[in-house]
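Report on the structure given below.
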Amino acid sequence: MARSSVWVLLAAILFFAFVIRAHGTSFGLPYVYHPDEPAIVDRALQIERTGDLNPHWFNYPTLYTYAQTLLIVILRPLAKAWAGWRGVALDSLAWQGIIYQAGRLLTALIGTATVAVVYGIGRRLFNQRVGLWAAFILAATALHIEHSHYITTDVPAAFFVALCLYFAARALEAHTLRYLTLSALMAGFAAGAKYNAGLVVVTTGVAFLATRRDWDELVDPALILVPLAALAGFLISTPYALLDYDTFSKGLQAEIEHYRTGHQGAEGSDNWRWFALYLYNDGMGHALAAVTAASVLFAAILKRTRRDALLLLFPLLYYWLIAAQRVRFARNMMPLLPFLAVLAARLVYAALCAIAARIPWGRLPQRLSAVIQGAAVLVVAVLLIAGPVRQQVAYNILLTQPDTRTIAKAWIEENIPTGSRIAFEEYTPPLQFSWMPGTTTKRYRADKYWRLSERPLDYYRQKPYDYVVVSSFMYGRYFVDRVSYPQDRRFYETLFQQWTLVKEFTGPSAPMHNPTVRIYKVPR
20 MARSSVWVLL
30 AAILFFAFVI
40 RAHGTSFGLP
50 YVYHPDEPAI
60 VDRALQIERT
70 GDLNPHWFNY
80 PTLYTYAQTL
90 LIVILRPLAK
100 AWAGWRGVAL
110 DSLAWQGIIY
120 QAGRLLTALI
130 GTATVAVVYG
140 IGRRLFNQRV
150 GLWAAFILAA
160 TALHIEHSHY
170 ITTDVPAAFF
180 VALCLYFAAR
190 ALEAHTLRYL
200 TLSALMAGFA
210 AGAKYNAGLV
220 VVTTGVAFLA
230 TRRDWDELVD
240 PALILVPLAA
250 LAGFLISTPY
260 ALLDYDTFSK
270 GLQAEIEHYR
280 TGHQGAEGSD
290 NWRWFALYLY
300 NDGMGHALAA
310 VTAASVLFAA
320 ILKRTRRDAL
330 LLLFPLLYYW
340 LIAAQRVRFA
350 RNMMPLLPFL
360 AVLAARLVYA
370 ALCAIAARIP
380 WGRLPQRLSA
390 VIQGAAVLVV
400 AVLLIAGPVR
410 QQVAYNILLT
420 QPDTRTIAKA
430 WIEENIPTGS
440 RIAFEEYTPP
450 LQFSWMPGTT
460 TKRYRADKYW
470 RLSERPLDYY
480 RQKPYDYVVV
490 SSFMYGRYFV
500 DRVSYPQDRR
510 FYETLFQQWT
520 LVKEFTGPSA
530 PMHNPTVRIY
540 KVPR
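The opening position of the sequence shown corresponds to residue 20 in this note's numbering, with each subsequent residue numbered one higher.
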C-alpha cells in the first residue's frame, strides 16, 4: 500500500475517532451529572487555587488530576478575557461549564491519540495493514468511545498502557535497552493514571525475555533500569505517594477495600462471565467481540510466537485481576482494549489474506480484482463496526438532549413554592444551583444526602421537609435482587407505597444520563 494512502486512511480513522468521542461531551452542562468527574476536577481546582500540589486524597493516583490542573491554569485567563470581551459575568456555574467541557475534550483527544498509538503497535508487530485495522477497531469500540466523553482516569490509563506496549514492540524489534526503559516508564505513567493499569509492566518483562537468546543474557542492566523506570514513571505522576506516604497508603488501602467489599449496585460473584458478556453485548458488539475472542485463541493456540506472548500475557493477567474482585465496573476493562484491538486486527488481516490466496485473481481484469478486494474489505469493516457505531451515535445524540434532572429542576422552580424545604439525594436535580431570579439567594432550603435511605423515613417527616426527591440511579441499585441491601430496599418501597408522588420524570435510559426522577410530598 502506498505511503500516501496509508496516511490518508489513518487521518480519516483519527478524524472519525475524535468526532465520535467529542460529540456529546457537553452533556448536562453547566451541571455535572457524572458522579466520578468531580473527584478529579475539584482537586484540580483546589491545586490551581492554593498552589499546593498535594491533593490530600489518593483513591485515584494524580496524573490526570495534574493534567486537568494544567488545563485549568491555561483556561482561567482565557475565560476571563473572553468574558470581558463579551461583557458578561463569569459566574461559578458558567466557569464550571467551561472547565468540564474543556476537560472532556482533553479526554476525547487522549482517546484519539490512543487510536494512533495502536496503529503504531500493529505496524511494528505485523505490518501497516494490521496497524490500520487495529486503529479502525479501537476507533469504533463502543466502550472506549463512551468513556472518552468523561473526565475520568480510564482513557488516560489505556493511553499509557498502549504506549507501554508500543515501546515493548519496538524493543522486540530493535533489541535495545532504550525501548525497554521507555516501555517501563510508560507502565509507571499508566499506574499514575490508574493503579491497576500498572500491571502492564509485565509486557515490558515479556519483551525483555523475548529478546534474550541464552541464559547469560538474562544478566543485563535492564534488570535494574526497567523497575527503576517504572517506579520513576509512577512517582513523577504521583509524587506524593512518597512525599505524603501516610495519606497515600490510606487512600490506596481504601480503594483496595472498596473493591474487596463491594459497591452498591455494581458487584457480583460471576464477574468472569459478566465482563465477557458486557463486551459481547455492549462494549464491542457481537461481531467484533466474537472476532476478538477468536483472535485470542488464534494467537494462543495456533501462532504462539514472541509477538503473541507480548500481546497475550497482560490481558490474561489483567482480566483475572478485575474478575477476581467483587466490584465490577465495565470501565475497568479499558486497559485491555489496545491489546484486543491489535489481536483482532491481526486475525482479520490473516483471514482476508487466506481467503484472497484461494481466489484466482489472475483470471480477472486488474481493475475488477481491485474493486472486489476493496468491496470485501469494506463489507468486513461494516460488519465489524456497524453495531457499536450505531449504538454510540444514538448514545451521543441522546447526550445532546436535556437530561431528566435538568428538566425536573426547571419544573421544581416553576411549581414548588419558594422557601420549601427539600431533601434530595445524589443523581437528582442540582438544587444547590437553584437561586432566586437575578440573585445568588437560595430559592429553597435544600439539603443533599448521598442517599435518602441513610436515615429512617420518619426522619424526613420530623425534620420537617416538605418534599423529597429520589433518583433511579440510586434506588434502582437496591432492586437488582431481593437479597442484597434489604434495609435500603424497604426504605424506598415504603416511600413509593405510602407517600404521595407529586411528579415523575423519565426519559430514554443511557449511562450517566436520564435517571427516573421522582418528587414526593412529605405527609404531615
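Even glycine gets a Cβ: it sits at the ideal position worked out from N, Cα and C.
- For the 9 Å CB-CB criterion, residue 74 and residue 65 form a contact.
- When DSSP assignments are scanned along the stretch 89–164, the uninterrupted stretches of alpha helix (DSSP H) that are 4 or more residues long and fall wholly within it turn out to be 111–144, 147–158.
- For the pair residue 463 and residue 490, the CB atoms are not nearer than the 9 Å cut-off.
- Residue 521 sits in a strand when the DSSP states are folded into three classes.
- Rounded to whole angstroms, the separation of the alpha carbons of residue 445 and residue 505 is 20 Å.
- Short of 7 Å from the beta carbon of residue 291, and not among the five residues preceding or following it, lie these beta carbons of its own chain, in chain order: 342.
- Apart from the 5 residues on each side of it in sequence, residue 254 sits with its Cβ closer than 7 Å to the Cβ of 260, 261 in its chain, given in chain order.
- Runs of the alpha helix (DSSP H) lying entirely within the stretch 446–500, each at least 4 residues long, are 476–481, 491–494 in chain order.
- Residue 451 and residue 196 have their C-alpha atoms some 55 Å from each other.
- Around the beta carbon of residue 367, a 10 Å sphere encloses 16 or more other beta carbons of the protein chains shown; the residue is thus reported as buried.
- Distance from the Cα of residue 407 is smallest, within the candidate group 36, 22, 151, for 36.
- For the set 484, 507, 323, the Cα lying nearest the Cα of residue 495 is the one of 507.
- If you check the CB distance, residue 150 and residue 169 do not come in under 9 Å.
- The DSSP-derived three-state label of residue 435 is coil.
- Under the DSSP assignment, residue 338 falls in the alpha helix (DSSP H) whose first and last residues are 325–342.
- In the DSSP assignment, residue 444 falls within the unbroken beta strand (DSSP E) covering 440–444.
- Cβ neighbours of residue 476 within its own chain (closer than 7 Å, five residues either side excluded): 510, 513, 514.
- Beta bridge pairing from DSSP links residue 286 with 346.
- Residue 185 and residue 326 have their alpha carbons spaced roughly 12 Å apart.
- Closest by C-alpha distance to residue 299, out of 134, 352, 370, 213, is 352.
- For the set 135, 356, 265, 172, the Cα lying nearest the Cα of residue 160 is the one of 356.
- Per DSSP, residue 189 is one residue of the alpha helix (DSSP H) stretching across 173–193.
- Checking the DSSP bridge columns, you'll see residue 536 partnered with 490, 524.
- Here the alpha carbon of residue 55 sits roughly 52 Å from the alpha carbon of residue 388.
- Secondary-structure assignment with DSSP links residue 529 through a beta bridge to 532.
- Taking a C-beta distance under 9 Å as the contact criterion, residue 442 and residue 427 do not qualify as a contact pair.
- A distance below 9 Å separates the beta carbons of residue 256 and residue 85.
- Apart from the 5 residues on each side of it in sequence, residue 50 sits with its Cβ closer than 6 Å to the Cβ of 449 in its chain, given in chain order.
- For the pair residue 136 and residue 199, the CB atoms are not nearer than the 9 Å cut-off.
- From the listed residues 497, 39, 370, the smallest Cα separation to residue 411 is found for 39.
- In the three-state scheme derived from DSSP, where H, G and I count as helix and E and B as strand, residue 352 is classed as helix.
- Taking 9 Å as the cut-off, the beta carbon of residue 140 is found closer than this to the beta carbon of residue 188.
- Going by DSSP, residue 265 is part of the alpha helix (DSSP H) stretching over 264–280.
- Proximity to residue 251 across 287, 265, 210 peaks at 210, based on C-alpha coordinates.
- With fewer than three CB-CB distances shorter than 8 Å, the stretch 113–131 does not count as touching the stretch 370–379.
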